[in-house]
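Counting in this note's numbering, the sequence shown runs from 12 upward without gaps. Note that the Cβ used here is the ideal one computed from N, Cα and C, for glycine as well. Below is one structure, written out as structure tokens; comments come after it.
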Amino acid sequence: MRKRLLIIEDDFDVAELLLIYFKQGDYEVSHAYSGLEGIEMARLTLPHLILLDVMLPDMDGYDVCYTLRQVAFTRYVPIIFLTQRDERASKVAGLTLGADDYITKPFDIEELWLRVGGAIHRATRDQLHEARSGLPTGTLVVEERVIRRESGTPGMELIFTIDNFAAFRDVYGFMASDEVFAFAGQTIRESVQRLGTSDDFVGVEGDNFVLMTYCEQPVALVDAIRAGFQKGVQAFYPDRDVQQGGVVVHSGKSNAYLAPLMTMQAYVYS
12 MRKRLLIIED DFDVAELLLI YFKQGDYEVS HAYSGLEGIE MARLTLPHLI
62 LLDVMLPDMD GYDVCYTLRQ VAFTRYVPII FLTQRDERAS KVAGLTLGAD
112 DYITKPFDIE ELWLRVGGAI HRATRDQLHE ARSGLPTGTL VVEERVIRRE
162 SGTPGMELIF TIDNFAAFRD VYGFMASDEV FAFAGQTIRE SVQRLGTSDD
212 FVGVEGDNFV LMTYCEQPVA LVDAIRAGFQ KGVQAFYPDR DVQQGGVVVH
262 SGKSNAYLAP LMTMQAYVYS
């Protein structure tokens, strides 16, 4: 699965170098020139990692990092600072705000590549980010529940499941099912961006998605997520499966059966 990388950097030459290098490395790369643009783009794309310049035209990178760490949607995205400052105090300031690493300009592009890959790998290895979708998982989901419960305004928590996901995986394999899972996560994220709030949280537990929302119209949000998934998931099936309404499991055997096309269901967490 391609990893999503967001670069927040106002130096055109540096940004161009990073864009070309990481795109060639099969990253899905987005770029913002300012802090405010970067904050909004982080919410829209939910990257696996953010490369953040400290010196930006509208606000410094520390403020950007602080803002991202206050919003549930981007609270757990790994951040690597890029800066010309090399003072220990500057590094401590960045790391204290929740940055994962700190690289001083001019930097070695190959070393940066390794650090980016290492930070993403650690997040998935330590079960902080789910590998297929890049969404928070494990202890981060638990922490988010605690934060909301202690705030006194937990909002509504919904669990989304993919019906007939296991049947699709049995027939078409793990690579195809991983792409479906990533698509499901993207569908939920995009629907929340349109209809949810900036304080909404999307995570993963097992093969299920967790949505904690303060949306005033949760039914409309759930309907949009389910409709978006149902429409888009057909692209993952061969035409014959779509035409017959499902996939034949154990084809040619006495216990063969037709598993319907995948759909998404939502349940209120209690």
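Taking DSSP as the reference, what is the three-state secondary structure of Ala231?
Helix at Ala231.
Is the stretch 245 to 253 touching the stretch 212 to 221, taking contact as three or more C-beta pairs under 8 Å?
Touching, no.
What do you reckon, are the CB atoms on Phe192 and Ser262 nearer than 9 Å?
It is not a contact, given that the beta carbons lie outside the stated cut-off.
When the Cβ atoms of the stretch 166 to 178 are set against those of the stretch 48 to 61, are three or more pairs found closer than 8 Å?
Output reads no: the stretch 48 to 61 does not touch the stretch 166 to 178.
Output the boundary residues of the alpha helix (DSSP H) element that contains Met52.
Element bounds for Met52: 46 to 56.
Please report the Cβ distance between Asp21 and Asp64, rounded to the nearest whole angstrom; I am assuming they are in contact, meaning their Cβ atoms lie under 8 Å.
The pair is a contact, with the Cβ atoms about 6 Å apart (cut-off 8 Å).
In whole angstroms, give me the CA-to-CA distance for Leu16 and Ser265.
The straight-line gap from Cα to Cα measures roughly 48 Å.
Please report how far the alpha carbon of Arg159 lies from the alpha carbon of Ala83, in whole angstroms.
Rounded to the nearest angstrom, the two C-alpha atoms are 10 Å apart.
Leaving out the 5 sequence neighbours to the left and right, which residues in its chain are closer than 8 Å to Thr208 when beta-carbon positions are compared?
Closer than 8 Å at Cβ, skipping near neighbours: Thr224, Tyr225, Cys226.
Look at the Cβ atom of Ala195, then the Cβ atom of Met275, and state whether they are nearer than 9 Å.
Yes, Cβ-Cβ distance for Ala195 and Met275 is below 9 Å.
Which stretch, first to last residue, makes up the alpha helix (DSSP H) that contains Phe176?
From DSSP, the alpha helix (DSSP H) with Phe176 extends over 176 to 206.
Measuring straight from C-alpha to C-alpha, what distance separates Ala267 and Ala235?
C-alpha separation (whole angstroms): 33 Å.
Figure out for me which residue from Val203, Val182, Ala238 has the closest Cα to the Cα of Val260.
Here the closest residue by C-alpha is Val182.
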